[in-house]
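**Student:** To start, I am sharing the structure in question, which I have written as structure tokens.
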Ligand SMILES: [Zn+2]
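Residue numbers (this note's numbering): 665 to 1172.
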């Protein structure tokens, strides 16, 4: 099921995966099938070239973060933002700017979290949104760093290749916009060593066979660059089908011989090669023209040149409302975090941590588009916690976190009697509320019975209450605040032995 907020009983994926783990990347840089009928037609001159747009083209991205069935293992939101900024850096040269459309979705599914291609295609068929670049970040992307699926028309990225320095996202979107690998044709060789053993000291063959297609091998003199490999003349010959590290000169360790017996070095700079991410830098001009043409023909309607009004959201506009700084929170297993709505913020990145330094290991970190979040079951009692919020604009995700507040998580009132079903069925809006307004408590399909509610102030005194409400299925109760001083209150509703408690805030 798709949920807007991660389930907050999660202990943070960091217990499983350190944030900046130096995990070996998956063996394949990318598992995108190389053939692209669109590029075939483009190279055949059947599609008119469109030069690079002079206006910025705004392209919507639908972003989904996968967790397992229990809500473990999501990509770290801060790292995702860094990767998104990096993606926009790479595409700025093309005058394309990606923005995050709609909500950032969280999806809990072990089957999709660690999948083979069939599972990935099913994931995309079920959850893609129309006319967007659908991007999914999973625990294991069929053993690759990522891939673009032509049939499902979406991009899947492995969590280990979304680390804020990796260019996998840019590479996969290169495929999305029609590009092939620079080494197209060499995928039938399992390792770079196998290519090296065969063609380091003797000429490469004139053609290769890949999935029943004959692919010309690119020559150094440029005589067949339009017909060979990726079909671009400003990308160098590249015979390396496996991830590789560049040397200090920016090339592969060894040279190869082309079909004419001319020795050449393979440069690491192109994003569509399999060179490691520290080496790659850019798309070529011809690749840029092809992607721009793809955007304007194959993907017409995806981009907009209407300039949206946006400004990065500002951290100094954030007010952390509850818990108050240094507050002792009287609930051990449920803490509601509340902040204000910030101009230009479409999302908020919320972090809760056991220290105030927020290094690489953060206890809990998630996106929400609300201004409240209920943290449940992950916080130890009798322990101090630190929290902060970063407002995020969907067009410009740069920015900083608010000041850090701390609260002491107490253990005064047990919520062991909290009824999860009742809790899920009850909504209280608005919260926070301005003085003089009322909280509206609503619930649907609650069953029949008698309900009571009490509103406690922070000192535990009953400020208001109502007893003996007859519930026949639905509930709608109003809690006026006209005579309440601003601050934090606890609303407790009980219905036939079931109970739910919520933190409510009356703003100054
Ligand atoms: Zn690829």
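C-beta atoms are modelled at their ideal positions from N, C-alpha and C, and glycine is treated no differently. It should be emphasised that the depicted structure is a prediction, and the values quoted were computed from it without experimental measurement.
1) Verify whether the separation of the beta carbon atoms of residue 1016 and residue 1026 is less than 9 Å.
2) Does DSSP classify residue 951 as helix, strand or coil?
3) Indicate, with yes or no, if ligand 1 has a heavy atom lying under 8 Å from the CB of residue 696.
4) Quick check: residue 1012 and residue 1033, are their CB atoms within less than 9 Å of each other?
5) Measure the alpha-carbon distance for residue 780 versus residue 804 and round it to whole angstroms.
6) Straight-line CA distance for residue 1146 to residue 1083?
7) Given 8 Å as the limit, tell me if residue 955 has its C-beta closer than that to any heavy atom belonging to ligand 1.
8) I'd like to check one pair, residue 1099 with residue 1170: are the Cβ atoms closer than 9 Å?
9) Give me the Cα-Cα distance between residue 1010 and residue 1092, rounded to the nearest whole angstrom.
10) Going by DSSP, what residues sit across from residue 702 in a beta bridge?
11) Rank 715, 1021 and 828 by C-alpha distance to the C-alpha of residue 747 and give the top, closest one.
12) To the nearest angstrom, how far is it from the Cα of residue 873 to the Cα of residue 895?
13) Tell me which residues share the same chain as residue 1140 and place their Cβ nearer than 6 Å to its Cβ, disregarding the 5 neighbours each side in the sequence.
14) Do you know how far the Cα of residue 1085 is from the Cα of residue 1156?
15) Helix or strand or just coil, what does DSSP make of residue 877?
16) Thinking C-beta only, is residue 706 closer than 9 Å to residue 761?
17) What is the rounded straight-line gap between the Cα of residue 783 and the Cα of residue 832?
18) Does DSSP classify residue 1129 as helix, strand or coil?
19) Using only CA atoms, which one of 770, 928 and 758 lies nearest to residue 863?
20) Grouping DSSP H, G and I as helix and E and B as strand, with all else coil, what is residue 726?
21) Give every residue of the same chain whose Cβ lies closer than 7 Å to the Cβ of residue 743, excluding the five residues on either side of it in the sequence, and list them in chain order.
22) Compute the Euclidean distance between the alpha carbons of residue 1066 and residue 1004, then round it to the nearest angstrom.
23) In angstroms with no decimal places, state the Cα-to-Cα distance between residue 1041 and residue 729.
24) Short of 6 Å in beta carbon distance, which residues of its chain neighbour residue 1162, apart from the five on each side in sequence? Order them along the chain.
25) How is residue 677 classed by DSSP in three states: helix, strand or coil?
26) Exposed or buried, residue 846, counting other C-beta atoms within 10 Å across all chains shown (16 or more means buried)?
27) Would residue 788 pass as a contact of residue 765 if the rule is Cβ separation under 9 Å?
28) Can you give me the C-alpha to C-alpha distance between residue 999 and residue 1117, rounded to a whole angstrom?
29) Could you have a look at residue 922 and say whether DSSP puts it in helix, strand or coil?
30) Where do the N-terminal and C-terminal ends of the beta strand (DSSP E) with residue 1144 fall, by residue?
**Tutor:** Checking against the coordinates, here is how it stands:
1) yes
2) helix
3) yes
4) yes
5) 8 Å
6) 30 Å
7) no
8) yes
9) 22 Å
10) Bridge partners of residue 702: none, in fact.
11) 828
12) 16 Å
13) 1106
14) 15 Å
15) strand
16) no
17) 20 Å
18) strand
19) 928
20) strand
21) 683, 826, 827 and 828
22) 11 Å
23) 21 Å
24) 1083 and 1086
25) A caution first: residue 677 carries a pLDDT of 28, below 50, which makes its placement in the model too unreliable to give a value.
26) buried
27) no
28) 20 Å
29) coil
30) 1139–1144
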